[in-house]
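Heads up: the sequence shown begins at 1 in the UniProt record's numbering, then just goes up one per residue. Think of the CB as a built atom: it goes at the ideal place given N, C-alpha and C, for glycine as much as any other residue. These figures come from a predicted structure and were not determined experimentally. Heads up, the thing below is written out as structure tokens.
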Amino acid sequence: MWWAALLLPEANGDSTSAPEAADAMGARLAALGTWALQFTPRVASVEGAVLMELEASLRLFGGRPALRERVREAAMAEFGIHRIGWAPTGLAALAFARAGVDGAETPLSPALDRLPLDTLGAVAPHRGTLARLGCRTLGDVRRLPRGGLGRRFDAALLEALDQAHGQRPEPQRWLAPPETFLARLELMSRVEDAPALMHGAHRLLLRLCGWLAARHRGVTAFALRWAHDAMRSRAAGEGGELVLRTRTPTRRIEHLARLLAEHLARTELLAPVGDLELEALDTQPLAPPSASLLPDDGTADTALDETLERIAARLGAPRVLRPVPLDDHRLEHMQRWQPVGEPLPRARPAPHPHDHLPDRTPQPSWVLPQPLRLPVRGHRPMYRSVLLLIAGPHRVEGGWWDRATDGAQHRHAQRDYFVALDEQAGVLWVFQERLADEDGAWYLHGVFA
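What follows is the structure, encoded as structure tokens:
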């Protein structure tokens with residue numbers, strides 16, 4: 001077993017009442033427990049601290065030194081934690097953290113015996129009596145006769161000593177990640193520029209990524225909200241929010257932070273901000289990265305999606321579009337364009353290859369925005385010269401389900417498409433209307449490369 005104990009720093013100042021301070025510490029402890037679940041599912045809250053059993057996570061994070069450094073840096077950046085204890089048992093790690101001792105590279109029993117009485121929760125209430133017996137350290141207590149200790153003190157004292165030294169099992173109530181994520185943060189000072197919110201928002205994103213890792217999920221939509229200062233003008237309102245979406249589920253803190261920073265750079269605050277709130281709006285299952293030596297086929301797609309999302313955040317969503325195929329035989333309605341941040345429609349299951357014949361009809365390389373009506377000479381269409389029809393007809397009917405709107409033409413189409421050859425323009429894609437009111441008119445619709 002290999003345990004880590006994390007102690008939150010005590011709040012400075014006495015501006016809040018004792019109940020309010022206890023509630024705030026409880027909320028921070030719950031946030032720390034949720035954050036710790038990204039390293040291991042075996043997380044417990046014990047005596048105002050968070051314990052993590054990390055033995056099963058060593059290989060995943062590259063061994064003890066790498067995992068120790070990662071936990072230390074992340075805990076310091078997110079919660080300002082300086083005191084972390086490491087030991088083969090949970091209570092020993094907690095005692096080391098309270099004493100300000102690392103404990104990672106020291107033998108367990110000699111190091112525990114040197115600690116003061118108040119570092120072990122079950123011993124601390126009896127330190128006055130134990131001091132009168134000449135005990136100053138946990139080792140002094142352990143050297144007393146066990147029979148006398150058991151008769152004079154409660155059973156929890158001996159049990160805690162045995163558990164700290166690994167002589168008894170340590171039953172724990174493991175924390176479970178909450179079903180939803182909603183985190184709040186009170187800023188150290190009022191912020192007047194939106195990009196400056198990124199410092200506090202990054203801390204909330206770290207908590208979000210820890211929660212996502214614990215639930216094996218990735219976020220596809222999240223909201224950052226801010227509350228304006230109480231001294232704001234009435235016109236400023238209570239606050240504002242940014243809703244961000246990603247095409248694929250992710251929990252990469254680097255991508256989420258860059259994406260949010262781009263949006264904040266284009267945001268203007270109406271009043272100083274004092275509080276932030278981050279909520280996960282939509283999440284999807286996300287498998288951990290593969291440890292295979294073979295390259296992952298989805299890596300390039302993920303990098304492209306992240307790049308497009310950052311460009312869209314910088315230029316504005318309407319300026320970065322992606323094509324979306326549609327189930328329509330009409331050439332001009334086979335696809336539509338939508339912002340890259342919007343979710344794609346759910347794909348239909350592919351038909352069985354024997355259920356239909358393959359469509360070998362050629363498609364043009366370029367399509368005109370609007371079909372160009374062609375003149376006719378001797379019942380043959382003309383563009384720059386009289387066209388020679390070399391393939392076709394390919395009949396297309398559709399659009400009868402579209403309703404005409406005010407000022408818009410009906411999109412019902414009945415067409416015969418042909419591949420045509422023009423002596424000057426090359427190979428063209430033309431069609432003849434079959435609707436009764438079109439009188440068999442010819443149109444140029446596309447050009448082949």
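Roughly how many whole angstroms lie between the Cα atoms of residue i and residue j?
i: Pro-318; j: His-263; result: 14 Å
i: Ala-261; j: Ala-27; result: 27 Å
i: Leu-161; j: Gly-210; result: 33 Å
i: Gly-407; j: Val-320; result: Note that Gly-407 scores a pLDDT of 44, beneath 50, so its modelled location is shaky and nothing firm can be said.
i: Arg-184; j: Leu-204; result: 8 Å
i: Trp-429; j: Leu-374; result: 12 Å
i: Arg-245; j: Ala-22; result: 36 Å
i: Gln-432; j: Leu-259; result: 49 Å
i: Ser-57; j: Leu-133; result: 43 Å
i: Ala-449; j: Arg-247; result: 33 Å
i: Val-376; j: Pro-362; result: 24 Å
i: Ala-236; j: Leu-187; result: 19 Å
i: Thr-137; j: Leu-158; result: 15 Å
i: Phe-39; j: Ala-122; result: 28 Å
i: Pro-65; j: Arg-114; result: 25 Å
i: Pro-125; j: Gly-62; result: 40 Å
i: Ala-441; j: Ala-420; result: 15 Å
i: His-445; j: Gln-414; result: 14 Å
i: Met-231; j: Pro-249; result: 39 Å
i: Pro-272; j: Ser-45; result: 36 Å
For residue i, count the other beta carbons within 10 Å of its own beta carbon; 16 or more makes it buried, fewer makes it exposed. Which is it?
i: Arg-251; result: buried
i: Ile-390; result: exposed
i: His-82; result: exposed
i: residue 453; result: Residue 453 is absent from the structure shown; the chain starts at 1 and stops at 449.
i: Val-324; result: exposed
i: His-199; result: exposed
i: His-228; result: buried
i: Gly-103; result: buried
i: Ala-131; result: exposed
i: Pro-110; result: exposed
i: Arg-215; result: buried
i: Pro-19; result: exposed
i: Ala-97; result: buried
i: Val-101; result: buried
i: Pro-371; result: buried
i: Leu-270; result: exposed
i: Arg-42; result: buried
i: Gly-13; result: Because the pLDDT at Gly-13 is just 41, under 50, the model does not fix this residue reliably, and the point stays unresolved.
i: Ala-5; result: buried
i: Gly-316; result: exposed
i: Leu-357; result: With a pLDDT of 48 at Leu-357, under the threshold of 50, the modelled position of that residue is not reliable, and the figure given next carries that caveat. Looking at its Cβ environment, which holds fewer than 16 other Cβ atoms inside 10 Å, Leu-357 is exposed.
i: Thr-129; result: exposed
i: Thr-177; result: With the sequence shown as reference, residue 177 is identified as Pro, and Thr is not the correct amino acid for it. Buried is the call here.
Along the alpha helix (DSSP H) that carries residue i, what are the first and last residues, could you check?
i: Val-141; result: 138 to 142
i: Ile-84; result: Note, Ile-84: premise wrong, no alpha helix (DSSP H); beta strand (DSSP E) at 83 to 87.
i: Gly-200; result: 198 to 215
i: Pro-65; result: 64 to 79
i: Glu-192; result: Run containing Glu-192: none; DSSP gives neither H nor E here.
i: Gln-163; result: 155 to 164
i: Leu-130; result: 127 to 132
Whose CA, out of the options, lies closest to the CA of residue i?
i: Ala-77; options: Pro-9, Thr-89, Pro-107; result: Pro-9
i: Arg-207; options: Thr-267, Pro-325, Trp-226, Leu-278; result: Leu-278
i: His-255; options: Arg-70, Leu-130, Thr-220, Gly-33; result: Thr-220
i: Phe-418; options: Pro-381, Gln-424, His-412, Ser-385; result: Pro-381
i: Ala-201; options: Glu-241, Ala-111, Thr-180; result: Glu-241
i: Leu-368; options: Arg-266, Tyr-443, Glu-268; result: Tyr-443
i: Val-396; options: Ala-425, Asp-328, Leu-372, Gln-335; result: Asp-328
i: Thr-89; options: Arg-415, Arg-266, Gly-63, Met-52; result: Met-52
i: Gly-80; options: Arg-72, Trp-86, Ala-87; result: Arg-72
i: Ala-196; options: Arg-266, Leu-158, Leu-7; result: Arg-266
i: Ala-313; options: Glu-342, Met-334, Leu-326, Gln-335; result: Glu-342
i: Ala-49; options: Pro-364, Ala-30, Gly-128, Pro-116; result: Ala-30
i: Phe-181; options: Leu-331, Leu-115, Thr-283; result: Thr-283
i: Asp-422; options: Asp-416, Gly-440, Ser-385, Gly-446; result: Ser-385
i: Arg-434; options: Val-447, His-412, Gly-446, Val-427; result: His-412
Of all Cβ atoms in chain C, is any one closer than 8 Å to the Cβ of residue i?
i: Val-320; result: Going by chain labels, chain C is absent from the structure shown, which holds only one protein chain.
I need the boundaries of the beta strand (DSSP E) containing residue i, first residue and last residue.
i: Phe-418; result: 413 to 422
i: Gly-316; result: Neither: Gly-316 is in no beta strand (DSSP E) and is coded neither H nor E.
i: Gly-274; result: 273 to 285
i: Ala-4; result: 3 to 7
i: Gly-239; result: 239 to 250
i: His-394; result: 388 to 398
What is the C-beta distance between residue i and residue j, in whole angstroms, given that I count them as a contact (C-beta under 8 Å)?
i: Ala-93; j: Trp-3; result: 4 Å
i: Ala-95; j: Leu-108; result: No, Ala-95 and Leu-108 are not in contact; Cβ-Cβ is about 10 Å, not under 8 Å.
i: Arg-340; j: Leu-388; result: It is worth fixing the name first, because residue 340 is Val in this sequence and not Arg. Going by Cβ atoms, the distance from Val-340 to Leu-388 rounds to 42 Å, so no, they are not a contact pair.
i: Leu-276; j: Leu-224; result: 7 Å
i: Trp-86; j: Arg-68; result: 7 Å
i: Arg-330; j: Gly-218; result: Incorrect: roughly 37 Å between the Cβ atoms, too far for contact.
Closer than 7 Å to a non-hydrogen atom of the ligand COA - does that hold for the CB of residue i?
i: Leu-60; result: As far as ligands go, the structure on display features none, and thus does not contain the ligand COA.
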